[in-house]
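J.:
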Amino acid sequence: MSTGQLTDSPAGPAVQSPAGAAATQPPRRRRSLTARRAWSFYVFAGPWVLGFLALTAFPLGYALWLSFTNSDGLSDNPRFVGLDNYKEVFTDSETLASLARTGVFTATTVPLTIVAGLFLAVLVNQPIRARGLFRTLLYLPAVVPPVGAALTFRMIFDRDSGAANGLLDVFHVNGITWLADPYARWVLIVLTLWGVGNVMIISLAGLQDIPKELHEAARVDGASPWQSFTRITLPLLSPVIFFQVITGVIASLQTLAPLLISLDPTTKGIGSIPESNSLFMIDVLDQYLLGGRYGYASAMLWVLFLIIVTVTFVVFRLSKGAVFYSVEPEHAKTKTRTIGGA
Amino acid sequence: MVLSRRSVVYMLLVSVLVLMLSPFAWLAITAFKDASELRAVPIHWWPHHPSPGNFVEALTSWDYFGYARNSLTIAVIYSVLATLASAWAGYGFARLEAPGKRVIFGVLLSTMMLPQIFTLIPTYLLFSKLNLINTYMPWVLWGLCGAPFLIFLFRQFFTNMPKELEEAAIVDGCGQIRIFWRIFLPQSWPVIATSLILSFSWTWGDWIAPALLLDTNRTTLAVQLTTGYHNAHGGTLNNLVAAGTLVYVVPVLVLFLILQRGFVAGVSTSGLK
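So, in structure tokens, the structure goes:
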């Protein structure tokens, strides 16, 4: 299988003419079945591989190259500046401050959404009436497109016409300019929590996979619901929670919600985002689009990329021993016995 | 004892539910207030003179349906292409063997973790060099490559289909492409539905890609909503924003309520493996 043939089959066959691609097969019919299968695999995986190379690997590599230059996107001959951009990322006080804000935002929202989502999942997993309806309605906000959610929260936290200040007024508290410093960060956190339905659904699927017998056996042995939750549910749910920590961290490191909440209709700019909501990804966009500092922004992008890789790796490492990937029947029995003894 | 526990659960659920649904309520309330009522002090919790005027103005003060059509075009292009291309790749990963498959699959799984935004800006620079800015070609290209997550969904589904299906076809002299097209793809309609729903709602909801790649006149509703409603002094007209947002969001919610399974199947599969 030469690369030439690989490049000859760009995504086309998937959409247009399976027959056209099939026509190249007959000459190979004499080959063994495995060889033909190998060849077909490349035909099927080809479009994605090409797409990955062109639209993921190449842009990342291009950004890496830019990050070692002083490119401004306009001049044709950017100068090679070595690690200068990276040095600036780690010494510039504003960049470091936004990195710290992003860390705080992530460390707040990820545990909050996971705990809240698990709590809701446990609630809608109870044998109650209309639980299907509860599940659907609690999940509903997570379906709202990000722009819709951000604009909705702008209505709620508007200084003059918003419900939040209306509520404060009921208690004779003066209105707050929510969408400015230092309160904007709270709006962002509440907005993020509104999408907790996603976490709830995933945790719920995890809960439903836990065999009912385990909890029944624990109850017969005299375990309290709380014991049953901490000793059976949590350990068996740990792979799901672990997955959510990783996807949650990634999602919050790259969130654009601060931009969407603060977009100014007239300037369309990212300049008007309150400092407390100026997270790292927003700064990256700012440097690219407003500052035109492509080199520096690319370095910031790569730093964030490496941070995500590192965090994922560390979470993987830390979770070893804390995450149970599968439970043998014997293992489960010994687990319930320990609960009975406790 | 059991009863009281159950009522606690109900109380908790109902209060959380009220909290979670209140933003929708406030959006609707704001959408029905006229400009003077919006400025009322103290605020009105309920519009005193509800009128559909805001909706008329929100939909006509600029070409709302034109932008909606742009959103729809992009979303349909992307979701159809991405679904077909993902099924195509998913079949390869599920049913075929070749040297290097494990490595490629590993790369695929790791790109599932890679946020779109990382590659978007460098890709934007690439597209601008290729003169693809302000065209819908980027979505065609993205669609043709398939999406890692959707490929994964199809792969899971195709892996579980019985081996006899393709063995019989191979004996009959069917090539892999025909096996995929005639036998496997028609069987996978639940995944096709899920994939269409997911990719459609991603694109419908996406803000940053159209904001970067398209000019104001060709952009999507999501982008135009954030910038379209303001008065001569640059002040945002909240009641119009609310009305416009409501019209933008409600179809998605209705689609979700009708096709719940597709949405949720996608989300929970992503969580389990």
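Taken in sequence, the protein lines are chains A and B.
The first sequence begins at 6 in the working numbering and counts up one residue at a time.
The second sequence begins at 1239 in the working numbering and counts up one residue at a time.
Yeah, the Cβ is synthetic: ideal placement off N, Cα and C, and Gly gets one too.
What you are looking at is a predicted structure, and each value in this text was computed from that prediction instead of being measured.
(1) Excluding the 5 residues flanking glutamate 1275 of chain B on each side, which residues of the same chain have their C-beta closer than 8 Å to its C-beta?
(2) In the structure shown, what three-state DSSP assignment does threonine 182 of chain A receive?
(3) Cα separation between glycine 78 of chain A and leucine 1364 of chain B?
(4) Quick one: give me the first and last residue of the alpha helix (DSSP H) that serine 208 of chain A is part of.
(5) Which class does phenylalanine 85 of chain A belong to by DSSP, given the choice of helix, strand or coil?
(6) Distance cutoff 8 Å, beta carbons only. Does glycine 227 of chain A sit that close to anything in chain B?
(7) If you measure from the beta carbon of valine 328 of chain A to each beta carbon in chain B, is any gap under 8 Å?
(8) Could you tell me the alpha carbon to alpha carbon distance between threonine 2 of chain A and threonine 114 of chain A, rounded to whole angstroms?
(9) Tell whether a beta-carbon distance below 8 Å holds between glycine 1413 of chain B and alanine 1323 of chain B.
(10) Please check if any C-beta of chain B sits within less than 8 Å of the C-beta of methionine 305 of chain A.
(11) Which residue wins for smallest C-alpha separation from threonine 1298 of chain B, given the options B:Gly1443, B:Ser1317, B:Ala1481 and B:Ser1245?
(12) How close, in whole Å, do the beta carbons of leucine 1495 of chain B and threonine 1432 of chain B come, if the pair is a contact with beta carbons under 8 Å?
(13) Please decide whether glutamine 232 of chain A counts as near chain B, where near means a Cβ-Cβ distance under 8 Å.
(14) Where does threonine 1483 of chain B sit, in a helix, a strand or coil, going by DSSP?
(15) Checking contacts by CB at 8 Å: is threonine 114 of chain A closer than that to chain B?
(16) Applying the 10 Å Cβ sphere with the 16-neighbour rule, what's the burial state of leucine 1319 of chain B?
(17) If you follow the alpha helix (DSSP H) that tryptophan 1445 of chain B is in, where does it begin and where does it stop?
(18) Report all residues from its chain with a CB closer than 7 Å to the CB of leucine 1370 of chain B; omit the five preceding and five following residues, and keep chain order.
(19) Can you find at least 3 beta carbon pairs, one from the stretch 155-173 of chain A and one from the stretch 187-202 of chain A, that sit closer than 8 Å?
(20) Whole angstroms is fine: what's the gap from serine 1317 of chain B's alpha carbon to glycine 1381 of chain B's?
(21) Might you give, ordered along the chain, the residues of its own chain that have their beta carbon closer than 8 Å to the beta carbon of threonine 1349 of chain B, omitting 5 neighbours on each side?
(22) Do the stretch 207-223 of chain A and the stretch 175-189 of chain A touch if we need at least three Cβ pairs shorter than 8 Å?
(23) In whole angstroms, what is the alpha-carbon distance linking leucine 184 of chain A and leucine 173 of chain A?
(24) In chain order, what residues of the stretch 1427-1459 of chain B put their CB closer than 7 Å to some CB of chain A?
(25) Checking contacts by CB at 8 Å: is proline 187 of chain A closer than that to chain B?
(26) So, at 7 Å on beta carbons, what are the nonlocal neighbours of glycine 1509 of chain B in its own chain, with the 5 sequence-adjacent residues on each side left out?
(27) Report the partner residues of histidine 1468 of chain B according to the DSSP bridge assignment.
(28) For threonine 1357 of chain B, which beta-bridge partners are listed by DSSP?
(29) Just to confirm the assignment, what range does the alpha helix (DSSP H) spanning histidine 220 of chain A have?
(30) Would you identify the three-state DSSP class for threonine 1454 of chain B, choosing helix, strand or coil?
(31) Kindly indicate which three-state DSSP category methionine 1258 of chain B falls into: helix, strand or coil?
(32) Just curious, the alpha helix (DSSP H) that leucine 1391 of chain B is in, first and last residue?
(33) In the DSSP output, what is threonine 1311 of chain B paired with across the bridge?
(34) Output, in chain order, the set of chain B residues within a Cβ distance shorter than 8 Å of arginine 42 of chain A.
(35) Mind checking glycine 87 of chain A: buried by the 16 CB within 10 Å criterion, or exposed?
(36) Using the Cα positions of aspartate 1272 of chain B and threonine 1483 of chain B, report the straight-line distance between them to the nearest angstrom.
T.: Looking at the coordinates:
(1) His1282, Pro1285, His1286 and His1287
(2) coil
(3) 11 Å
(4) 202-213
(5) strand
(6) no
(7) With 8 Å as the cut-off, valine 328 of chain A does not count as an interface residue toward chain B.
(8) Residue 2 of chain A lies beyond the range of chain A shown here (6 to 347); nothing can be said about it.
(9) Result no, Cβ atoms of glycine 1413 of chain B and alanine 1323 of chain B do not sit closer than 8 Å.
(10) no
(11) B:Ala1481
(12) Going by Cβ atoms, the distance from leucine 1495 of chain B to threonine 1432 of chain B rounds to 16 Å, so no, they are not a contact pair.
(13) No, no contact with chain B.
(14) Helix.
(15) no
(16) Label assigned to leucine 1319 of chain B: buried.
(17) In this chain, tryptophan 1445 of chain B is not harboured by any alpha helix (DSSP H), its DSSP state being neither H nor E.
(18) Pro1376
(19) Enough Cβ pairs lie closer than 8 Å, so yes.
(20) 7 Å
(21) Pro1386
(22) no
(23) 15 Å
(24) Within the stretch 1427-1459 of chain B, the qualifying residues are Trp1442, Gly1443, Trp1445 and Ile1446.
(25) No, because no Cβ of chain B sits closer than 8 Å to the Cβ of proline 187 of chain A.
(26) Confidence is the limiting factor: at glycine 1509 of chain B the pLDDT is only 40, short of 50, which leaves the residue's position unreliable, though a coordinate-based value still follows. Answer for glycine 1509 of chain B: no residue qualifies.
(27) B:Thr1474
(28) Its beta-bridge partners do not exist; DSSP assigns none.
(29) In the DSSP assignment, histidine 220 of chain A falls within the alpha helix (DSSP H) that extends over 217-225.
(30) coil
(31) Correct three-state label for methionine 1258 of chain B: helix.
(32) 1386-1397
(33) Its beta-bridge partners do not exist; DSSP assigns none.
(34) Neighbours of arginine 42 of chain A on chain B, chain order: Leu1334, Glu1335, Ala1336 and Gln1414.
(35) Result: exposed.
(36) If you take the alpha carbons of aspartate 1272 of chain B and threonine 1483 of chain B, they lie about 16 Å apart.
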